[in-house]
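Here the sequence shown stands for residues 1 to 324, where the numbers follow full-length UniProt numbering.
Step one of this worksheet: look at the structure below.
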Amino acid sequence: MITDIHTHHVPKGWPDLGWPGAPRLRIDSEREAMILVGDREFRRVQDDCWDPEARARTMGVDRQVVSPTPVFFAYDRPAGEAVRAARVFNDLSLEICADERFIPFCQVPLQDPDLACEELDRCLANGHRGVEIGNHVGDRDLDDEGVVQFLQHCADRNAPVFVHPWDLPSGPRVDRWMAQWLVGMPAETHLSILAMILGGVFDRVPESLRICFAHGGGSFAFWLGRFENAWHRRNDVIGTSEHPPSHYLDRFSVDSVVFDERALRLLVDTMGEDRVMLGSDFPYPLGETPVGAVVREAAFLSDEARARILGGNAAIFLGEHRES
1 MITDIHTHHV PKGWPDLGWP GAPRLRIDSE REAMILVGDR EFRRVQDDCW
51 DPEARARTMG VDRQVVSPTP VFFAYDRPAG EAVRAARVFN DLSLEICADE
101 RFIPFCQVPL QDPDLACEEL DRCLANGHRG VEIGNHVGDR DLDDEGVVQF
151 LQHCADRNAP VFVHPWDLPS GPRVDRWMAQ WLVGMPAETH LSILAMILGG
201 VFDRVPESLR ICFAHGGGSF AFWLGRFENA WHRRNDVIGT SEHPPSHYLD
251 RFSVDSVVFD ERALRLLVDT MGEDRVMLGS DFPYPLGETP VGAVVREAAF
301 LSDEARARIL GGNAAIFLGE HRES
């Protein structure tokens, strides 16, 4: 069962979210639409964002984990407004994911941990299988007490967590060449893993927490040696975790969206073949096409490792099988 754990949806329309500049959808044709944030064009999308049959024709795998598009998180809004947004998009996602090939992950108002826990419970009862969260809430990273409270709740509820970068830094140096996506996303994801480790989150949450970071974990695998060196040589500054960074590699997973066999080899060598899962960022233009091509064609992978990355690890992440 080949499973893509990194895909997104956009409903074909939703009620007014109730605040000025809230995201909305401009329908341009039967198959195309534009996400608007206020009056700004954010992203053009097609019917494979909302139409199950259109998704099925091009997804290239047996099934997909379908998560929200992060622009809808509303972490920068008052919690009540974020709850409304979460309920709207979560309920619509169940319609998009009625087909068993699509596994819905919900969103929550992460700026308010109590409301986030309540929305997760509501969604799990309604059929969602896990949750996607952004990698920060304003200046609060994943080691924030409220976020840790939510992650502990996810562990208690046996709900897998998918972490996706969002709300990327902007400015003249990154507003050209799509640098927010090319540089900002990897850097933000790397920073989030550092926050989980150095912020002591893995020391505080149970080992049963299943958490995966998008985009291959960003630049983390490439710079683990630098991170490890700093932990030992400047422990007075960054020795805030009980153990060095390499100790925590079996506490989280990453997806495979790195686009190059050499990068995938480093990722597997660093994380282990049981901590990498197929992901594509479907259906967006910067995603991998065809889905899973790098994993399928990687000469260094054994048949067993390839099978784990293409689906076996996802089954464990989703709670369908135990780790061997």
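Backbone N, C-alpha and C fix where the C-beta goes; we use that ideal spot for every residue, glycine too.
Every value quoted in this text rests on a predicted model; they were computed, and no experiment measured them.
Under 6 Å Cβ to Cβ from residue i, same chain only, skipping five residues before and after it: list those, please.
i, result
"Pro206", "Ala155"
"Pro165", "Asn135, Met185, Glu188, Thr189"
"Thr7", "Gln64, Val66, Phe282"
"Arg306", "none"
"residue 325", "Residue 325 lies beyond the range of the chain shown here (1 to 324); nothing can be said about it."
"Ala46", "In the sequence as presented, Ala is not what sits at residue 46; that position holds Gln. Answer for Gln46: Arg31, Glu32, listed in chain order."
"Ala221", "Leu266, Leu267, Thr270"
"Pro101", "The amino acid occupying residue 101 in the given sequence is Arg; Pro does not appear at that position. Once the five neighbours on either side are set aside, the close Cβ partners of Arg101 are Arg63."
"Asp141", "Ala195"
"Arg44", "Met34"
"Ile103", "Val65, Arg129"
Which residues in the same chain as residue i place their Cβ atom closer than 7 Å to its Cβ, once the five residues preceding and following it in sequence are excluded?
i, result
"Cys123", "Asn90, Cys106"
"Trp181", "Leu286"
"Leu198", "Ile238, Thr240, Ser241"
"Asp203", "Ser241, Glu242"
"Ala82", "Ala74, Tyr75, Pro109, Gln111"
"Ala230", "Ile238"
"Leu92", "Pro11, Trp14"
"Gln149", "Pro113"
"Pro70", "Gly134, His164, Trp166"
"Met26", "Per the sequence shown, residue 26 should be read as Arg rather than Met. Counting only Cβ-Cβ distances below 7 Å, and skipping sequence neighbours, we find Ala33, Met34, Leu36."
"Trp50", "His9, Val10, Pro11, Lys12, Ile96"
"Val183", "Val174"
"Cys117", "Phe150, His153"
"Arg24", "Leu36"
Just verifying my parser: in three-state terms, what is the DSSP assignment at residue i?
i, result
"Glu41", "strand"
"Pro15", "coil"
"Met271", "helix"
"Arg87", "helix"
"Glu54", "Looking at the sequence shown, residue 54 is not Glu but Ala. Note: Ala54 maps to helix in three-state DSSP."
"Cys49", "helix"
"Phe102", "strand"
"Phe300", "coil"
"Arg306", "helix"
"His321", "coil"
"Asp76", "coil"
"Gln149", "helix"
"Pro70", "helix"
"Leu168", "coil"
"Asp203", "helix"
"residue 356", "For residue 356 there is no data in the structure shown, the boundaries of the chain being 1 and 324."
"Gln180", "helix"
"His9", "coil"
"Glu188", "helix"
"Arg233", "helix"
"Met196", "helix"
"Gly218", "coil"
"Arg31", "coil"
"Arg173", "coil"
For my contact list, residue i and residue j are in at a C-beta cut-off of 8 Å; report their separation, rounded to the angstrom.
i, j, result
"Ser302", "Val276", "13 Å between Cβ atoms; not a contact."
"Val66", "Thr3", "Going by Cβ atoms, the distance from Val66 to Thr3 rounds to 11 Å, so no, they are not a contact pair."
"Val258", "Leu249", "That belief does not hold up - the Cβ atoms of Val258 and Leu249 are roughly 17 Å apart, past 8 Å."
"Asn313", "Asp274", "6 Å"
"Ser192", "Phe213", "7 Å"
"Ser256", "Ile316", "Ser256 to Ile316, Cβ: 15 Å. No contact."
"Leu209", "Leu151", "6 Å"
"Leu115", "Ala79", "6 Å"
"Val88", "Leu17", "7 Å"
Tell me residue i's beta-bridge partners as DSSP assigns them.
i, result
"Asp4", "Gln64"
"Ile211", "Val161"
"Leu36", "Arg24, Glu41"
Here's a check: name, in chain order, each residue in its chain whose Cβ is nearer than 8 Å to the Cβ of residue i, leaving out the five neighbours to either side.
i, result
"Arg157", "Leu120, Asp121, Leu124"
"Pro20", "Gly38"
"Pro290", "Gly60"
"Val131", "Phe105, Cys106, Gln107, Val108, Leu120, Cys123, Cys154, Ala159, Pro160, Val161, Phe162"
"Glu297", "Glu261"
"Arg322", "Ile316"
With a threshold of 7 Å (Cβ to nearest heavy atom), would residue i be considered close to the ligand MN?
i, result
"Val71", "In terms of ligand content, the structure shown is empty, and the ligand MN therefore cannot be addressed."
For chain C, is any of its Cβ atoms less than 8 Å away from the one on residue i?
i, result
"Ser93", "Within the model displayed, chain C is absent; a lone protein chain is all it includes."
Margin query: Just to confirm the assignment: which complete beta strand (DSSP E) runs, minimum length 3, are found wholly within the stretch 111-147?
Written below: Counting whole runs of 3 or more residues, the stretch 111-147 contains the beta strand (DSSP E) stretches 130-134.
Margin query: What ranges does the beta strand (DSSP E) occupy inside the stretch 239-295, keeping only unbroken runs of at least 3 residues that lie completely in it?
Written below: 253-255
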